[in-house]
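Here is the structure we will look at, set down as structure tokens.
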Amino acid sequence: MIINIAFHFSCARIHKLDIKDDGRKYIAISTFGFYEGGMLDVKLHNFKATPFNEKDVFGFSLDRTLTDAMKLYLDSHQEGCLLQQVQSDSNEASHSEPNGAVIYFILDFKEKRLRINCSHNKQSASDLRSIRIYRNSSGVPPFRPKRGSSVSQYSGPGFVRQRRSASETEGSANVKRSSDTSSCSHLEAIELPMTVTENPDGTKYFNANFVVFVASESDEGLYNLYFHNCANYKEGQFVALDFSMEIEENNNGNFLSAGEMPLPALYFMMSLLFFLSGCFWVFILRKSKQLLFKIHYLMAVLVYLKSLSLMFHGINFHFIQTKGEHVAAWAILYYVAHLLKGAVLFITIVLVGTGWTFIKHILSEKDKKIFMIVIPLQANSLLM
């Protein structure tokens, strides 16, 4: 059970997802905070819809918000699919679109490509002007931040130039010339091909890949990635999806989200402070000439367990930061130390409340029953 908890709560940023017979209208894939130089790499493998219809609409939405506002919008707009609303209102701003900058990646089974669209509100006009999208990670240029100066929205690597030579765009998506002067023209003109494999029984599997590069400070923020199954918005229709995904999120080599980057150093520092506090407490006990009780040493054990818990947590976050995945051993050690710390803390509080060692040296039958009932409940609450 501890292993399952460790895997569930680890904040790894190289995800491998397997979706089987899923009929949800939308799936919340990931939320990540990107700094300048950050990259989101999404690989879709073996996509299959049952039953399959080329006219059905499936795809991704990537929005940048201060909060998880997209989920609130989707929950309150169950009458229609967001991707279909964007398609029907691609030439004008839609009153039903969510606020903020949103990029849509729609699976086009007929043309075998990913079509890119974006919201056409005023917020998008300013937020999506310098976004870069590539076919794969090999096309992303190396990021070289300028020291002592911020990257302008219209200069440096953040500005998307539509008139680039073929050598500059090697490995990136081919951009068609477009007369559209909207802020999304440079995105909607990008071609992202899909590959198709077909089984002997005629079942088709689709594969796609796209990379979003945060090239300037104006693009920094919290990004939410969703997958949409528009076919299941139709009354009386159910389409089950099977696919797998590989998602890599990193901030110029750092796999932690923007708000989580200070956590490894913070956990290590707090672990050291608790360890020194425990040593100081033991030193006070050894030098004290007053009457000491066993519970005083139990308090020292509690402080050391807290220090161990923070150290293991810091090591776990360090491996996530450098490798993008947690190391199971450190995650398990953290949860073991965390559970022990919680149990010892509660036992200490109960012992102090019963007056053990202060008033009486033997627990009564009533006190023992309290321990037998309350301590398992406390352990269960820590596990949950």
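Per full-length UniProt numbering, the sequence shown runs over residues 1 to 384.
C-beta: ideal position from N, C-alpha, C; glycine also.
Predicted, not measured: the structure shown is a model, and the values here were computed from it.
- T65 counts as buried, since at least 16 other C-beta atoms from the protein chains shown sit within 10 angstroms of its C-beta.
- As computed with DSSP, Y26 is found in a beta bridge with H228.
- Distances from the alpha-carbon of K112 to those of L333, P193, L263 put P193 closest.
- DSSP lists D18, H45 as the beta-bridge partner residues of S244.
- Residue environment for S271: buried (at least 16 other C-beta atoms within 10 angstroms of its C-beta).
- An exposed status is given to I373, since fewer than 16 other beta-carbon atoms sit within 10 Å of its beta-carbon.
- Counting along the chain, T322 sits inside the alpha helix (DSSP H) bounded by residues 294-323.
- With contacts defined as CB atoms closer than 8 Å, G37 and F210 fail to qualify as a contacting pair.
- Take the alpha-carbon of Q85 and the one of A49: they are about 21 Å apart.
- Across the set Q321, S138, G139, the C-alpha of Q321 shows the shortest separation from the C-alpha of G253.
- Linking E54 to K204 through their CA atoms gives a straight-line distance of about 11 Å.
- In the structure shown, P262 adopts coil according to DSSP, grouped into three states.
- Rounded to whole angstroms, the gap between the alpha carbons of L241 and N229 is 8 Å.
- A distance below 8 Å separates the beta carbons of N46 and N207.
- With a cutoff of 8 Å on beta-carbon distance, V239 and D21 are scored as not near each other.
- Per the C-alpha coordinates, the member of I19, K25, L17 positioned closest to Q237 is K25.
- In this structure, the straight-line span from the alpha carbon of L302 to that of H15 is close to 35 Å.
- In this structure, Y104 sits away from S138, with a CB-CB distance that is not shorter than 8 Å.
- Short of 6 Å from the beta carbon of T197, and not among the five residues preceding or following it, lie these beta carbons of its own chain, in chain order: Y205.
- Counting only the Cα atoms, F268 lies some 6 Å from M311.
- According to DSSP, residue pairing for V212 in a beta bridge involves L40, I133.
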